[in-house]
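Number of protein chains: 2
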Amino acid sequence: MYPNFVNHLKKYISLSAEEEELLLSGIKPVSIYKKEFLIKEGQVCKANYFVEQGLLRMYFINNKGIEQVTQFALENWWIADYMSLTSQSNSHFYIQAVENSTIIAIEHHKQEKLLEQIPQLERYFRLMMQRAYAAAQMRVKFFHVHTKEENYRYFIRLFPEFVQRIPQYMLASYLGLTPEYLSELRKKQP
Amino acid sequence: MYPNFVNHLKKYISLSAEEEELLLSGIKPVSIYKKEFLIKEGQVCKANYFVEQGLLRMYFINNKGIEQVTQFALENWWIADYMSLTSQSNSHFYIQAVENSTIIAIEHHKQEKLLEQIPQLERYFRLMMQRAYAAAQMRVKFFHVHTKEENYRYFIRLFPEFVQRIPQYMLASYLGLTPEYLSELRKKQP
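As structure tokens, then:
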């Protein structure tokens, strides 16, 4: 049951059989089809989401009415609008399935409860938040110091399988390219 | 001794007198003068830094040779290059004092040790990382959907005292403005 989720936890913390059972009783598996939404802008982000199988993206609509992708989440990644989740205020983002996906949802109040009951989970989520924040710090620099073509080349070299899984227009949005420019880059020899 | 640090901790977790003593014996107060560095690009970020008193900034040098400010840290904020800190690899950033500052440094290996000895610290740092990551998610949207002038107006309305404390060219860099454009905006009636 949810092998990715359980294995991922066990990479970072040790849980007793009772704790594992308690945790699994507190999560909610969610199957969503490609293009379905976990949250939309204006809704409260009610849960923290782990990708057991599949692929999600987070985006917002910019002031020209165009979707701007800020993040993807593959297997073993957590995703949420953490401002909305923490304060239970309205979200500024959309989280949508890019493929048919199996998601583990931990609702906000349930996560708070589980953190009290299983203190090692604090360590697990501290490590997850630190990893996400470290990546966010790097991303800011990365997008500033390289040209758009360099960003594209770097990205496809680092994540070749991932690039196969996402539609080109989403990759273009994430990298800040027009779809036309991305198409030109793809035609050139790397 | 370090009232901001101790009060900040107590807002989030309860420590026994022994735990507080253990924690305080593991930290290192650092006094740095304005313009001194905690880390420079290429050095390993050896510690997690809390601003007890003063103001720090994080920046990198972009491909035009210009400083790009990505973050400020006032009293009660933590700052580090978390990729460098976590993996003890070379940093991609500079962290420099904007004012004479008193900093609490927790060295990486010491923080790992303290987290083992005082498990509640996992909760404290989980909350700190989650807050920082939530702010980073919002920042990406914020800088995309508003004009530079809107960003400036919003920033000075939200953080009026802070804006008084930083040199204008640093604020311009953080907001992605030229110093000349910032100067024009300041002359206009808000």
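Protein sequence lines, in the order shown, are assigned to chains X and C.
This note's numbering numbers the first residue of the first sequence as 1 and each following residue consecutively.
This note's numbering numbers the first residue of the second sequence as 1 and each following residue consecutively.
Just so you know, even glycine gets a beta-carbon here, dropped at the ideal spot from N, CA and C.
{"query": "Outcome for residue 36 of chain X when other beta-carbon atoms lying within 10 angstroms are tallied against a minimum of 16", "result": "exposed"}
{"query": "Own chain residues within Cβ distance below 7 Å of residue 100 of chain X, not counting five before or after", "result": "33, 34 and 54"}
{"query": "Member of C:7, C:65 and C:71 whose CA lies at the smallest distance from the CA of residue 20 of chain C", "result": "C:7"}
{"query": "C-beta neighbour in chain C for residue 134 of chain X, strict 8 Å", "result": "yes"}
{"query": "Given residue 59 of chain C as reference, the closest of X:151, X:31 and X:145 once Cα atoms are compared", "result": "X:145"}
{"query": "Residue 119 of chain X, DSSP secondary structure in three states", "result": "coil"}
{"query": "Whole runs of the beta strand (DSSP E) within the segment 63-93 of chain C, excluding any shorter than 3 residues", "result": "67-73"}
{"query": "Under 8 Å between C-beta atoms of residue 168 of chain C and residue 160 of chain C", "result": "no"}
{"query": "Where residue 29 of chain X falls: helix, strand or coil (DSSP)", "result": "strand"}
{"query": "Nearest candidate by alpha-carbon position, reference residue 78 of chain C, set C:49, C:13, C:85 and C:157", "result": "C:49"}
{"query": "4 or more residues per run - each alpha helix (DSSP H) lying fully within the segment 13-61 of chain X", "result": "17-26"}
{"query": "Extent of the continuous alpha helix (DSSP H) to which residue 150 of chain C belongs", "result": "148-158"}
{"query": "Buried or exposed (CB count within 10 angstroms, at least 16 for buried), residue 129 of chain X", "result": "buried"}
{"query": "Length of the line joining the Cα atoms of residue 1 of chain X and residue 116 of chain X", "result": "24 Å"}
{"query": "Which of helix, strand or coil DSSP assigns to residue 184 of chain X", "result": "helix"}
{"query": "Proximity below 8 Å, CB of residue 13 of chain C to CB of residue 124 of chain C", "result": "yes"}
{"query": "Chain-order list of residues whose beta-carbon lies under 6 Å from that of residue 39 of chain X (same chain, five-residue window excluded)", "result": "45, 91 and 95"}
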